[in-house]
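Everything below concerns the one structure shown next.
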Amino acid sequence: QSALTQPASVSGSPGQSITISCTGTRSDVGGYNYVSWYQQHPGKAPKLMIFDVSNRPSGVSNRFSGSKSGNTASLTISGLQAEDEADYYCSSYISSSTLVFGGGTKLTVV
Amino acid sequence: QVQLVQSGAEVKKPGASVKVSCKASENTFTSYDINWVRQATGQGLEWMGWMNPHSGNTGYAQKFQGRVTMTRNTSISTAYMELRSLRSEDTAVYYCARGWGVGANFDYWGQGTLVTVSS
Chain A
1 QSALTQPASV SGSPGQSITI SCTGTRSDVG GYNYVSWYQQ HPGKAPKLMI
51 FDVSNRPSGV SNRFSGSKSG NTASLTISGL QAEDEADYYC SSYISSSTLV
101 FGGGTKLTVV
Chain B
111 QVQLVQSGAE VKKPGASVKV SCKASENTFT SYDINWVRQA TGQGLEWMGW
161 MNPHSGNTGY AQKFQGRVTM TRNTSISTAY MELRSLRSED TAVYYCARGW
211 GVGANFDYWG QGTLVTVSS
């Protein structure tokens, strides 16, 4: 199973909005509403930010939102803050309880 | 508060095996799947597989089939991941993570265990 495709890097200024894409196929992203997004700061374990395409776990800021269209899922961060600078990974359920991650996107807040 | 505490760093020679443990702090250990995810230095996340601590059922990524085994000891709320026939490309930080839902959402993670494979 190939990794989902994410841009290697995105950047934005404080207060702006950015969107990170996650492209798969009909066998993963397009076939199920089970896309998650994780934030990872250097040297730390990942943190769940979005699950089931567009749901936020308790405690995650509403500046983070998720969506999906066809084979591409997206994570949008509005009102960018310096603390949002991190790596972001998408994941998708494939089938038979298997999972695949995206290659990751480095977000820089300039 | 759920905590997953992993065993310490390991250094192994090529061809050897490594077994990493993941101890859960709470009494709901058998209620959620434990997944294993690894990350090579400077690289992305790679899902390895899952285990249901209640039933012992497992599912592995195709890449690791035949080389990985995930087990548990429910009496001590601990999950294990054993990887065999190690090669240098297996050098990575290995994480355990609690998964729930059909989409395997990982809400709690261990601190990570660095496994270095070097001759």
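Which chain is which? The protein sequence lines are A and B, in order. Just so you know, the first sequence maps onto residues 1 to 110 in this note's numbering. Just so you know, the second sequence maps onto residues 111 to 229 in this note's numbering. From the three backbone atoms N, C-alpha and C, an ideal C-beta is built for every residue, glycine too. These numbers come from a predicted model, not from an experiment.
As assigned by DSSP and simplified to three states, the class of residue i
{"i": "V143/B", "result": "The residue you asked about is not Val; residue 143/B is Asp in the sequence shown. Three-state result, D143/B: strand."}
{"i": "V94/A", "result": "A quick correction: the sequence has Ile, not Val, at residue 94/A. It is coil, neither helix nor strand."}
{"i": "A202/B", "result": "strand"}
{"i": "V29/A", "result": "helix"}
{"i": "K44/A", "result": "coil"}
{"i": "D87/A", "result": "strand"}
{"i": "T181/B", "result": "strand"}
{"i": "K123/B", "result": "coil"}
{"i": "A8/A", "result": "coil"}
{"i": "A82/A", "result": "helix"}
{"i": "Q172/B", "result": "helix"}
Cβ distance (whole Å) where residue i is taken to contact residue j below 8 Å
{"i": "L155/B", "j": "P42/A", "result": "Not quite, the Cβ-Cβ distance comes to about 14 Å (not below 8 Å), so this is no contact."}
{"i": "G222/B", "j": "C132/B", "result": "Contact flag wrong, Cβ pair sits at about 10 Å."}
{"i": "V112/B", "j": "S135/B", "result": "6 Å"}
{"i": "V130/B", "j": "M191/B", "result": "5 Å"}
Under 8 Å between C-beta atoms of residue i and residue j
{"i": "T108/A", "j": "E85/A", "result": "yes"}
{"i": "N62/A", "j": "V29/A", "result": "no"}
{"i": "S27/A", "j": "Q6/A", "result": "no"}
{"i": "V35/A", "j": "K68/A", "result": "yes"}
{"i": "V53/A", "j": "N33/A", "result": "yes"}
{"i": "G102/A", "j": "Y89/A", "result": "yes"}
{"i": "I144/B", "j": "M161/B", "result": "yes"}
{"i": "G24/A", "j": "I50/A", "result": "no"}
{"i": "L48/A", "j": "F174/B", "result": "no"}
{"i": "T188/B", "j": "M180/B", "result": "no"}
{"i": "L80/A", "j": "I18/A", "result": "yes"}
{"i": "R177/B", "j": "L193/B", "result": "yes"}
Residue i at chain D interface by Cβ criterion, 8 Å
{"i": "A171/B", "result": "Reference to chain D is not applicable here, since the protein chains of this structure are A and B."}
Against chain A: residues of the region 141-163 of chain B by CB proximity under 7 Å = G154, L155, E156, W157, W160
ask   = Residues in the region 178-205 of chain B with C-beta within 8 Å of chain A's C-beta atoms, listed in sequence order?
value = Answer in chain order: Y205.
task = Would you check if the region 194-203 of chain B and the region 219-227 of chain B touch, i.e. whether three or more CB-CB distances between them fall below 8 Å?
result = yes
request  = Below 7 Å between beta carbons is the criterion; list the residues of the region 42-56 of chain A that meet it against any residue of chain B, in chain order.
outcome  = A45, P46, L48, F51, D52
message = For the pair the region 118-125 of chain B and the region 137-144 of chain B, tell me if three or more CB-CB distances fall below 8 Å.
response = no
task = Taking a Cβ distance cut-off of 9 Å, strictly less, list which residues of the region 82-98 of chain A are near chain B, in chain order.
result = D87, Y89, S91, S92, Y93, S96, S97, T98
task = Give, in chain order, every residue of the region 7-36 of chain A whose Cβ lies closer than 9 Å to some Cβ of chain B.
result = Going along the region 7-36 of chain A in chain order, one finds Y32, N33, Y34, V35, S36 with a Cβ nearer than 9 Å to chain B.
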